[in-house]
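Novice: Shown below is the structure under consideration.
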Amino acid sequence: MDARYASMYTDRLSILKLRIMALKSKRCRAGPQSEVFCPEAFLNVVADKLAYTSAMFINIELLDQFFYQFPREIDSRLLYDLDRKEIIEFARENPVVRRHLDLQERKDKLEEVMKQLNSLSTLRADPQPAPRRHRGLFGSVF
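Each residue of the sequence shown is one higher than the last, beginning at 1 in UniProt numbering.
In structure tokens:
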């Protein structure tokens, strides 16, 4: 079996050497007017273009698959595989989101303290001193 592969590779190598020799010949180097005598140059250009096009197609298909599938995969894992605590831990892995969540927690705590202080102030009825009538410099005259 190895001999068969070796002969296949040697055959391929000899074909490539013949193609290189044909491209380096005087007929192929003569320019566009000799393209009839040198189809090897045309085949070389077509092969390069096909390789480029196929590589671009594969890249575009893979990127399209990634950009389509990735957000849906994240959504499904977040919604169905994680509980609330795990979702918060996942979100805190991003420093920007972590800072926002910390700020939101501080805001919630401050609002809770404000509610408690307001409720305490309504329960404790401080007797308000009687408002003094403000008399100006000429208060008794006017």
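Backbone N, C-alpha and C define an ideal beta-carbon position, used for all residues, glycine too.
If you draw a straight line from the alpha carbon of Q69 to that of E89, how long is it in whole angstroms?
Specialist: 23 Å
Novice: Mind checking whether L79 and A91 have CB atoms under 9 Å apart?
Specialist: Not closer than 9 Å, so no.
Novice: Could you spell out where the alpha helix (DSSP H) holding C38 opens and where it closes?
Specialist: Where C38 is concerned, there is no enclosing alpha helix (DSSP H), given that its DSSP letter is neither H nor E.
Novice: For S7, report the span of its alpha helix (DSSP H) as first-last.
Specialist: D2 to K24
Novice: Looking at the secondary structure, which residues open and close the alpha helix (DSSP H) in which N118 lies?
Specialist: P95 to L123
Novice: Using CA atoms only, rank isn't needed, just tell me which of R98, K26, R84 and K49 is closest to C38.
Specialist: K26
Novice: What is the DSSP secondary structure of residue 149, reduced to helix, strand or coil?
Specialist: Here the chain covers residues 1 to 142 and nothing more, so residue 149 does not appear.
Novice: Distance, Cα to Cα, L123 vs V113?
Specialist: Spanning the two alpha carbons is a distance of roughly 15 Å.
Novice: Compute the Euclidean distance between the alpha carbons of L62 and K49, then round it to the nearest angstrom.
Specialist: 20 Å
Novice: Output the distance between the C-alpha atoms of N59 and K107, rounded to the nearest integer angstrom.
Specialist: About 46 Å.
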